[in-house]
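For the sequence shown, the working numbering begins at 5 and goes up steadily by one.
No residue lacks a Cβ here, since even glycine has one placed at the ideal position from N, Cα and C.
Computed from a predicted model, the values in this text were never measured in an experiment.
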Amino acid sequence: MEVISIERSTYEELLTSFNSFVVKMKEMASRGNDKGLGDWLDNQDVCQILNISPRTLQTLRDNGTLSYSQINRKVYYKPEDVERILYIVDGRDKNGKMCNIKTNSL
């Protein structure tokens, strides 16, 4: 074992810096605890709400109609974004084609 000798003031400065670091890390960790997926919806939820297939949901994401967030390979949607496009999805004809939003025609 090797013994290292340092001045008391240097040790106290190092200890203060370390304690400050620990406090900052605890604050950062506690901020992450309250960021759950409480109100977020997943693919299955959105398909059920909008009464659409997973492929239609993919198309809504691809063309920018529905915004989303992705964590790893899992996709999440905000309920207000899903609610916003509800009228667009309701505007589909029986063949699944989207109606023109401005003119309400095919």
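Checking 7 Å against the spacing of the C-beta atoms, do residue i and residue j come in under that value?
| i | j | result |
| --- | --- | --- |
| Ile-89 | Leu-70 | yes |
| Tyr-15 | Trp-44 | no |
| Val-1 | Val-86 | The first residue shown for the chain is 5 and the last is 110, placing residue 1 beyond what the model contains. |
Using only CA atoms, which one of the options lies nearest to residue i?
| i | options | result |
| --- | --- | --- |
| Lys-82 | Ser-13, Thr-20 and Asn-47 | Asn-47 |
| Arg-12 | Glu-6, Glu-84 and Thr-20 | Thr-20 |
| Gly-95 | Asn-67, Lys-78 and Ile-56 | Ile-56 |
Determine the DSSP secondary structure at residue i, reduced to helix, strand or coil.
| i | result |
| --- | --- |
| Tyr-72 | coil |
| Lys-78 | strand |
| Asp-43 | coil |
| Asn-23 | helix |
| Asn-108 | Low per-residue confidence applies at Asn-108: pLDDT is 42, beneath 50, and the placement is therefore not dependable enough to give any value. |
| Met-32 | helix |
| Val-3 | For residue 3 there is no data in the structure shown, the boundaries of the chain being 5 and 110. |
| Ile-53 | helix |
Let's see if you can read the secondary structure: which residues bound the alpha helix (DSSP H) around residue i?
| i | result |
| --- | --- |
| Glu-84 | 83 to 88 |
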